[in-house]
Amino acid sequence: MSLTSFGQIALSVSDADRAQAFYGEALGLPLLYRYGDLVFFDLSGVRLMLSAAPEPGQPIAIQPTPGVCHYFKVVNLEQVYTELQGKGVVFSEEPHLIARMPDHELWMVFFHDPDGHALALMEEKPLG
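Taking the numbering used here, the leading residue of the sequence shown gets 650, the next gets one more, and so forth.
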């Protein structure tokens, strides 16, 4: 047996409409489909499933977990950061260098979705 990749990542949200607008319109993720309060986006072949509470505004069944963060790989972190700020995404800081590796630098910036889930943008910038 070997586990090779994620097929789907699920996040509980309090309001499917608000989450669909944030992930689809603000972050620009391609919408696959929606089935009731389940909203599915494509992340290069991995599905992101947003699952809403039975009624909008009700507490979600699974609260955001401290220490869990979902990282989106991007090219040109500064440009994506600026574009998302223009769409109302609020970041906790500016993009910054996390680590220098032998062949690249790892840069990141962090933010939260409307339900408090920790999210980040990351770019592996080649050296030279």
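Every residue, glycine too, gets a C-beta built ideally from N, C-alpha and C.
- Per the coordinates, the alpha-carbon of residue 665 lies some 34 angstroms from the alpha-carbon of residue 746.
- With 16 or more other Cβ atoms from the protein chains shown falling within 10 Å of its own Cβ, residue 764 counts as buried.
- Between the beta-carbon of residue 675 and that of residue 738 there is about 5 angstroms, and that keeps the pair under the 8 angstroms contact cut.
- Around the beta-carbon of residue 748, fewer than 16 other beta-carbon atoms lie within 10 Å, marking it exposed.
- Assigned with DSSP and collapsed to three states, residue 686 falls in coil, not helix or strand.
- For residue 662, same chain residues with a beta-carbon under 6 angstroms away, outside a window of 5 residues either side, are 668, 699, 701, 764 in chain order.
- For residue 732, no beta strand (DSSP E) encloses it; the enclosing alpha helix (DSSP H) starts and ends at 726 to 735.
- With respect to residue 758, residue 775 sits apart: the two C-beta atoms are not nearer than 7 angstroms.
- CA-CA distance, residue 691 to residue 751, rounds to 32 angstroms.
- Close CB contacts of residue 688 within its chain, under the 6 angstroms cut and outside five residues either way in sequence, are with 665, 669, 699 (chain order).
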